[in-house]
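Everything below concerns the one structure shown next.
Numbering (my numbering), first residue to last: 441 to 744.
Right, here's the structure in full:
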C-alpha cells in the first residue's frame, strides 16, 4: 500500500441535526428504492458499510449521501477516499476491505475483474458523469488572467502553480494529462507538452482542494460537482470535453453484503439520484458491465 499518501476516512453515525433535512427528500415516495431496512420492508439495517470511493466524492459522501443513507436505512457508512486506481490496488492487495467500490472511471473497475485480477468485481454500474474544469484561487495573482484569457496560455506563465493528480493512481490525473496534451498539440506548445508529462504539482486527489484553498496553488484540475461543493471558482477547459464517469459495484467477499446491497440500492435509487442531481452530477442511463448482479439490486439496475 502507498502509505505515504494521506487518505481521508469517513465515519457517519446518527448526525441527527444534519440528517433531518436530507432525510425528508429521501423518505418521501422513495421507500421502494432505499434498500433493506426501509419503510418498504418494515425493518432497518444496522452496522457499518465500508465504502471505498473516489476522493472527488468526499463532500457529497460526508455531508449528504452518508447521513441520508443512515437516516433512510439504519446503516452507517465507514468510508475511505482516494484515487480510484489507487483504491482498486488496495482492494487487490487486501490492504483495505471494501463492501462497495465507487470509482470515477470504469477503467478502475476493470482492474478488479477476472481471474488474473482476483475476481474482486463481477459487474459494475455506470450512473453519472462530471465535467473536468480548472478551479482557481480568487486571491491568486493570476485570477484576473484566468477570467479573461485562454486557460492554456495562463497556466504556462512564469511562477504559475498548477495542481493535478497522478495519472498512475487517479483517473482525474489521466484526464488532466489529456487536457494538457490536447492543448499542447492544438497550440503547438512545447511548454504544455512538458507540463503534461511533468511530476511537478502532482498531489493525492484528497489533498488538492485544501492546497488550492490555502493558497499553495494558483489553480488545479477538478470535477464540476467537487468544485461547486467546495465553493471553488472555475473556468472551463476550452478546447476539451473531458469528464469523469462514475461507477458503483458490490465487491466480492464483501464483509457485509446486505449492507453493500442497501448502499448501492440507495445511491442508484430515486433518493440518491435526487442528491446527485442537486450536487451537479450529470446522470446517465444506468448501464451494467459484467454479470452476477445481486437479486436485491434488480429494481435499480437494468436487465441485460
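We treat Cβ as the ideally placed atom computed from N, Cα and C, and that holds for glycine.
Since the structure is predicted, the reported quantities are computational estimates derived from the model, not experimental observations.
**OP:** Starting from residue 563, follow the beta strand (DSSP E) in both directions and report where the run begins and ends.
**Re:** For residue 563, the enclosing beta strand (DSSP E) has its first and last residue at 563 to 576.
**OP:** Determine the extent of the beta strand (DSSP E) in which residue 690 is found, giving its start and end residues.
**Re:** Counting along the chain, the beta strand (DSSP E) containing residue 690 begins and ends at 683 to 690.
**OP:** Please work out which residues of its chain come closer than 7 Å, Cβ to Cβ, to residue 609, disregarding the five sequence neighbours upstream and downstream, and give them in chain order.
**Re:** Only residues of its own chain outside the window of five on either side were considered, and among them 523, 525, 526 have a CB closer than 7 Å to the CB of residue 609, listed in chain order.
**OP:** Report the rounded CA-to-CA distance for residue 721 versus residue 664, giving the unit in angstroms.
**Re:** Counting only the Cα atoms, residue 664 lies some 8 Å from residue 721.
**OP:** Would you list the residues sitting across from residue 675 in a DSSP beta bridge?
**Re:** Bridge pairing for residue 675: 574 [DSSP].
Subject >> the region 529 to 545 touching the region 485 to 496, judged by at least three CB pairs closer than 8 Å >> reply: The region 529 to 545 makes contact with the region 485 to 496, as at least three CB pairs between them are under 8 Å.
Subject >> Secondary structure, beta strand (DSSP E): runs of 3+ residues fully inside the region 503 to 557 >> reply: The region 503 to 557 is shown to contain whole beta strand (DSSP E) runs of 3 or more residues at 516 to 522, 540 to 543, in chain order.
Subject >> Residue nearest to residue 531 in terms of C-alpha spacing, selected from 558, 516, 514 >> reply: Of 558, 516, 514, the residue nearest in Cα terms is 558.
**OP:** Determine the contact status of residue 572 and residue 680, defining contact as a CB-CB distance below 9 Å.
**Re:** The Cβ atoms of residue 572 and residue 680 lie closer than 9 Å to each other.
Original post:
With distances taken from CA atoms, which of 648, 616, 719 is nearest residue 634?
Top reply: Checked all of 648, 616, 719; the closest Cα to residue 634 is 616.
Subject >> DSSP beta-bridge partners of residue 727 >> reply: DSSP lists 566 as partners of residue 727.
Subject >> Nearest-angstrom Cα separation, counted from residue 646 out to residue 732 >> reply: Those two C-alpha atoms are separated by around 32 Å.
**OP:** Rounded to whole angstroms, what's the CA-CA distance from residue 729 to residue 563? Just pull it up for me.
**Re:** Straight-line spacing of the CA atoms in residue 729 and residue 563 works out to 5 Å.
Original post:
Are residue 657 and residue 567 closer than 9 Å when you measure CB to CB?
Top reply: In this structure, residue 567 does not lie closer than 9 Å to residue 657 by Cβ.
Original post:
Which term fits residue 504, buried or exposed, when burial requires 16 or more other beta carbons within 10 angstroms of its beta carbon?
Top reply: Residue 504 is buried by the Cβ-count criterion.
Subject >> Proximity winner among 701, 727, 672, 519, relative to residue 513 (alpha-carbon distances) >> reply: Nearest option by C-alpha distance: 701.
Subject >> Enclosing beta strand (DSSP E) for residue 659 [first to last residue] >> reply: Segment 659 to 663, the beta strand (DSSP E) holding residue 659.
Subject >> Which residues DSSP lists as bridging residue 490, in chain order >> reply: Answer is 518.
**OP:** Tell me, please, which residues DSSP counts as bridged to residue 416.
**Re:** The question about residue 416 has no answer, for the chain in this structure spans 441 to 744.
Original post:
Count the other CB atoms within 10 Å of the CB of residue 607; is the residue buried (16 or more) or exposed (fewer)?
Top reply: Buried.
Original post:
Looking only at C-alpha atoms, which of 597, 673, 725 sits nearest to residue 653?
Top reply: Distances from the CA of residue 653 to each of 597, 673, 725 were compared; the closest alpha carbon is that of 673.
Original post:
Helix, strand or coil for residue 476 per DSSP?
Top reply: Below a pLDDT of 50, predicted positions are generally treated as unreliable, and residue 476, at 38, falls in that range; the measurement from the model is reported next regardless. Secondary structure at residue 476: coil, using DSSP grouped into helix, strand and coil.
Subject >> Between the CA atoms of residue 676 and residue 739 - distance to the nearest angstrom >> reply: Rounded to the nearest whole angstrom, the C-alpha separation of residue 739 and residue 676 is 37 Å.
Subject >> Beta-carbon proximity check, residue 631 vs residue 596, cutoff 9 Å >> reply: Yes, Cβ-Cβ distance for residue 631 and residue 596 is below 9 Å.
Original post:
At which residues does the alpha helix (DSSP H) containing residue 626 begin and terminate?
Top reply: Run containing residue 626: 611 to 627, per the alpha helix (DSSP H) assignment.
Subject >> Three-state secondary structure assigned by DSSP to residue 722 >> reply: In this structure, residue 722 counts as strand in the three-state DSSP scheme.
Original post:
Buried or exposed: which applies to residue 667, given that a residue is buried once 16 or more other Cβ atoms fall within 10 Å of its Cβ?
Top reply: Buried, because 16 or more other Cβ atoms sit within 10 Å of the Cβ of residue 667.
**OP:** Would you give the residue range spanned by the alpha helix (DSSP H) that residue 585 belongs to?
**Re:** For residue 585, the enclosing alpha helix (DSSP H) covers residues 583 to 588.
**OP:** Could you tell me the distance, in whole angstroms, from the CA atom of residue 501 to the CA atom of residue 686?
**Re:** Approximately 14 Å, taken between the alpha carbons.
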